[in-house]
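> Numbering (numbering that gives the first Met the number 0), first residue to last: 0 to 386.
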Amino acid sequence: MKPQPVPKSVPSLLFQHSEFCTLNHKIKQQKTLLAFAALCVWDLAVGVRFSFWHARPGPGAHPESCPSWERDNHRLYKQKLEELTKLQDGISSSIARQKKRLKELSLSLKKCKAQATPEQEASIQETQSLIKERQNVFFEMEAYLPKKNGLYLSLVLGNVNVTLLSKQAKFAYKDEYEKFKLYLTIILLIVSFSCRFLLNSRVTDAVFNFLLVWYYCTLTIRESILINNGSKIKGWWVFHHYISTFLSGVMLTWPDGLMYQMFRNQFLSFSMYQSFVQFLQYYYQSGCLYRLRALGERHNMDLTVEGFQSWMWRGLTFLLPFLFFGQFWQLYNAITLFRMLQHPECKEWQVLMCGLPFSILFLGNFFTTLRVVHQKIQNKNQDTKEN
């Protein structure tokens, strides 16, 4: 059987490269327009302040008596905003078109790879690496372009543009998100300790559970905004916050009684330990991320997470025992709740609705962490064999 020829990927890539250069020029033009628009806003603000103190019209003065350069600045500002919007739409459509072509090229390369000669395979691999590089560049470009909100953000915020258009604004929002997590983790640790050892009231427990619901709801919204602005967060570490929100909401509605009191101390002790581990993770992950960003090995928008990822392998493996212990505690909580279902006085639906989320959290956290560790050990063994 005659091998199928490799598609003419080089001319296609050359054509796409010319489009890519044009796209890059448009991105630079967009940044220039943004800077100019900001300058216009500043000039306009200064001009308004100056005219207010030094050129205020009299009580019967006509609005047209204000300085003409202020009106010109405002008109120019609106014009630049319109140009910026058109430029953003043009760049977004160009990126979408090129991504579609790259996808088609990738599919054709996969079809040809099975029947290609060794020389053709080398050419195909080189082309695939170029495609991956181009996709990464498009990802960086899209971080500065308005994009449609996902389903969750659309339900919560509506059709509001949440894309931040400067690196400083993105980093400031990310930094504020990290501080929010740190401060709330400390507050949750203190409140859970107080409920466990100092206070024994359903009211204070309800306040603690309401705080958990608000915390996880806020995290999901902020993480969705950060993903829109270029943060790469693994799917499970986002999804498990939705499950935690549901679990906290069920705990909030659980009425006081025998079943609740049987599980109360165990849940509060688990919450204390979880907050302690999250504090440890933030403290050590933030330092590790800072070091990796300085070396150029991590993206500026990468975040600390409540789990274990591949970039933590160097220097943060000592956290694994703490993580695994907390995950098996989640399993223990699920088993305890399922056993409580067999109690003759168990009538609350909250027992089952808390047991299921705890079991899902254990399975997701444990196997996601285990997969990362397994992949790292495999990569390490391959590197050892090659050396």
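Ideal placement from N, C-alpha and C gives every residue a C-beta, glycine not left out.
(1) In whole angstroms, what is the alpha-carbon distance linking T368 and S107?
(2) Return the chain-ordered list of same chain residues with a C-beta closer than 7 Å to the C-beta of C39, the five sequence neighbours on each side being excluded.
(3) Thinking C-alpha only, which one of C111, L257, V249, F196 is nearest M271?
(4) Nearest to L104 by CA position, among Q260, S91, L86, I123, is which residue?
(5) Going by DSSP, what residue range makes up the alpha helix (DSSP H) through Q341?
(6) Alpha carbon to alpha carbon, how far is F138 from L257?
(7) Residues in its own chain within less than 6 Å of E347 by CB, not counting five upstream and five downstream?
(8) Count the other CB atoms, across all protein chains shown, that sit within 10 Å of the CB of H239; report buried if there are 16 or more and exposed otherwise.
(9) DSSP on Q265, reduced to helix/strand/coil?
(10) Based on Cα-Cα distance, which residue from L163, N158, I94 lies nearest to N135?
(11) If we call anything under 8 Å between Cβ atoms a contact, is V212 one with T244?
(12) Is the beta carbon of A142 closer than 8 Å to that of G229?
(13) Thinking C-beta only, is L279 closer than 8 Å to F321?
(14) State the CB to CB distance for the pair Q265 and N332, rounded to an integer number of angstroms; the pair is presumed to be in contact (CB under 8 Å).
(15) Quick one, which of S268, N364, C345, R338 has its alpha-carbon nearest L319's?
(16) Which of the three DSSP states, helix, strand or coil, is assigned to I186?
(17) Mind checking I376: buried by the 16 CB within 10 Å criterion, or exposed?
(18) Output the distance between the C-alpha atoms of G354 and I242, rounded to the nearest integer angstrom.
(19) According to the Cβ coordinates, are L340 and L330 closer than 8 Å?
(20) Would C216 pass as a contact of F207 if the rule is Cβ separation under 8 Å?
(21) Rounded to whole angstroms, what's the CA-CA distance from T316 to Q277? Just pull it up for me.
(22) Starting from S122, trace the alpha helix (DSSP H) both ways and give me its first and last residue.
(23) Taking just the CA atoms, how far does G157 sit from G234?
(24) Report yes if the CB atom of N227 is closer than 8 Å to the CB atom of K146, and no otherwise.
(25) Let me check understanding here. Comparing Cα to Cα, which of F262, W68, V161, Q326 lies closest to R338?
(26) From what residue to what residue does the alpha helix (DSSP H) around I242 run?
(27) Pick from R370, A115, S268, H373: whose alpha carbon is nearest that of W328?
(28) Do you know how far the Cα of K98 is from the Cα of L183?
(29) In the DSSP assignment, find the alpha helix (DSSP H) that holds A205 and state where it starts and stops.
(30) Assign Q97 to one of three DSSP states: helix, strand, or coil.
So, from the data block:
(1) In the sequence shown, residue 368 corresponds to position 369, counting from 1. In the sequence shown, residue 107 corresponds to position 108, counting from 1. Their Cα atoms are separated by approximately 35 Å.
(2) Numbered from 1 along the sequence shown, position 40 holds the residue referred to as residue 39. Because C39 sits at a pLDDT of 46, beneath the cut-off of 50, its placement in the model cannot be relied upon, and the point is left open.
(3) By 1-based counting over the sequence shown, the position of residue 271 is 272. Comparing Cα-Cα distances from M271 to each of C111, L257, V249, F196, the minimum goes to F196.
(4) Residue 104 sits at position 105 when you count from the first residue of the sequence shown. Selection Q260, S91, L86, I123 evaluated against L104 yields I123 as nearest (Cα-Cα).
(5) One-based indexing of the sequence shown puts residue 341 at position 342. Here Q341 belongs to no alpha helix (DSSP H), and DSSP marks it neither H nor E.
(6) Locating residue 138 in the sequence shown gives position 139, counting from the first residue. Locating residue 257 in the sequence shown gives position 258, counting from the first residue. Using only the alpha carbons, I get a separation of about 53 Å.
(7) Position 348 of the sequence shown, counted from the first residue, corresponds to residue 347. Excluding sequence neighbours, E347 sits near M258.
(8) The sequence position of residue 239 within the sequence shown is 240, counting from 1. By the 10 Å Cβ count, H239 comes out buried.
(9) Sequence index remark: in the sequence shown, residue 265 carries index 266 (1-based). Helix, per DSSP.
(10) Here residue 135 refers to the residue found at position 136 of the sequence shown. Out of L163, N158, I94, I94 has the C-alpha closest to the C-alpha of N135.
(11) Here residue 212 refers to the residue found at position 213 of the sequence shown. Here residue 244 refers to the residue found at position 245 of the sequence shown. Yes, they are a contact pair.
(12) By 1-based counting over the sequence shown, the position of residue 229 is 230. By 1-based counting over the sequence shown, the position of residue 142 is 143. Result yes, Cβ atoms of G229 and A142 sit closer than 8 Å.
(13) Your numbering for residue 321 matches position 322 in the sequence shown. Your numbering for residue 279 matches position 280 in the sequence shown. Yes, Cβ-Cβ distance for F321 and L279 is below 8 Å.
(14) Reading the sequence shown from its first residue, position 266 is the one you call residue 265. Reading the sequence shown from its first residue, position 333 is the one you call residue 332. Indeed, because the Cβ distance is near 7 Å, the residues count as touching under 8 Å.
(15) For this step, residue 319 is matched to residue 320 along the sequence shown. That would be N364, whose Cα lies nearest to the Cα of L319.
(16) Translated into positions along the sequence shown, residue 186 becomes position 187. Correct three-state label for I186: helix.
(17) By 1-based counting over the sequence shown, the position of residue 376 is 377. I376 should be labelled exposed.
(18) Position 355 of the sequence shown, counted from the first residue, corresponds to residue 354. Position 243 of the sequence shown, counted from the first residue, corresponds to residue 242. Approximately 12 Å between the Cα atoms of the pair.
(19) Start at 1 with the first residue of the sequence shown, and residue 340 comes out as number 341. Start at 1 with the first residue of the sequence shown, and residue 330 comes out as number 331. No.
(20) Within the sequence shown, numbered from 1, the residue matching residue 216 stands at position 217. Within the sequence shown, numbered from 1, the residue matching residue 207 stands at position 208. For C216 and F207, no; Cβs fall outside 8 Å.
(21) The residue given as residue 316 occupies position 317 in the sequence shown. The residue given as residue 277 occupies position 278 in the sequence shown. Spanning the two alpha carbons is a distance of roughly 15 Å.
(22) For the purposes of this step, residue 122 is identified with residue 123 of the sequence shown, where counting begins at 1. That run of the alpha helix (DSSP H) goes 117-141.
(23) Position 235 of the sequence shown, counting from 1, holds the residue named residue 234. Position 158 of the sequence shown, counting from 1, holds the residue named residue 157. Looking at the two C-alpha atoms, the distance is approximately 22 Å.
(24) In the sequence shown, residue 227 corresponds to position 228, counting from 1. In the sequence shown, residue 146 corresponds to position 147, counting from 1. Against a cut-off of 8 Å, the Cβ pair of K146 and N227 comes out as a contact.
(25) Counting from 1 along the sequence shown, the entry for residue 338 is found at position 339. Out of F262, W68, V161, Q326, F262 has the C-alpha closest to the C-alpha of R338.
(26) Walking along the sequence shown from the start, residue 242 turns up at place 243. Following the DSSP letters along the chain, one finds I242 inside the alpha helix (DSSP H) bounded by residues 234-252.
(27) Here residue 328 is taken as the residue at index 329 of the sequence shown, counted from 1. From the listed residues R370, A115, S268, H373, the smallest Cα separation to W328 is found for S268.
(28) Counted from its first residue, the sequence shown places residue 183 at position 184. Counted from its first residue, the sequence shown places residue 98 at position 99. Between L183 and K98, the C-alpha separation is close to 40 Å.
(29) As a working mapping, residue 205 is identified with position 206 in the sequence shown. Per DSSP, A205 belongs to the alpha helix (DSSP H) from 201-227.
(30) Along the sequence shown, read from residue 1 onward, the residue named residue 97 stands at position 98. Helix, per DSSP.
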